[in-house]
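If you count by mature numbering (1 follows the signal peptide of the UniProt record, and there is no 0), then the sequence shown holds residues -21 to -1, 1 to 168, one letter each, in order.
Ideal Cβ placement from N, Cα and C applies to all residues, glycine included.
One structure below.
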Amino acid sequence: MTTFLTTPALAASAASHPAAAAQQAAPRVQASLQSTDRVLYDVDFFVGERVGATDVRKLKLKPKRAWDELHRCFNCSFPVDGAPKKFPSENQYIKLKACGIGHYACKNAPVRYHKSKSYDYTWFFLAQKGHFDGKDSMVRFRFYNDKQGFLRLKVYATVTHPTIPDGVNKEFAVMKWRAFAHILGMHLE
């Protein structure tokens, strides 16, 4: 559901000149629709969780261990084509490619890396022009310990102008990020 807000001046103008107000409001509405994003998914995994397993392996490690492992070799654990070997630097442009099993149906996913200031051991990728989710879409990754001390990976994504259906997009992303948690966990054991 979209809510449109108006200024008092625009509302007064609309009352006296409805056609002119509609013309004046059209660019504003268009701009706000283009800059609006929405949540696609918000998922959470145990680091070390096995892909497709019914039992859940849990690791009692600090988030710094995961962070350090990714700084040792980023693409050793991050399961997306085009990921650099070296941990990304601030504002680094990365030409990721999201591919299905066996590199089937690859989609361009260029992003820029940014360290998040909201939590420790958190970063996000901001989608660039040509990304299949739309420019300015975002995926945020956060490592943290739950109340029992188990290492977790939280992944949160917003999209602006996705080019593939949400259900397919979310299913693929959950599979990729679960694999990320699993592979990283194997490197941490």
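Taking the Cβ atom as the reference point for each residue, do PRO63 and ASN70 lie within a distance shorter than 8 Å? no
Out of curiosity, what's the CA-to-CA distance linking THR139 and VAL22? 19 Å
Counting only the same chain and skipping the five closest in sequence on each side, list residues whose C-beta sits under 6 Å from that of CYS78. ASP60 and CYS85
Entirely within the segment 18 to 65 and at least 4 residues each: give me those alpha helix (DSSP H) ranges in chain order. 42 to 51
I'd like the span of the alpha helix (DSSP H) that includes LYS155, first residue to last. 145 to 167
For TYR148, which residues in the same chain have their Cβ closer than 7 Å to its Cβ, ignoring the five residues on either side in sequence? Residue identity differs from the one stated: residue 148 is Asn in this sequence, not Tyr. Hits under 7 Å: LEU19 and PRO141.
Which residues bound the beta strand (DSSP E) around PHE120? 117 to 124
Proximity to GLU28 [Cα-Cα], best of PHE151, LYS76 and ARG131: ARG131
Name the two residues that bound the continuous beta strand (DSSP E) containing LYS74. 72 to 77
Which of helix, strand or coil does DSSP assign to TYR98? coil
So, is ARG51 buried or exposed, given that buried needs 16 or more other C-beta atoms within 10 angstroms? exposed
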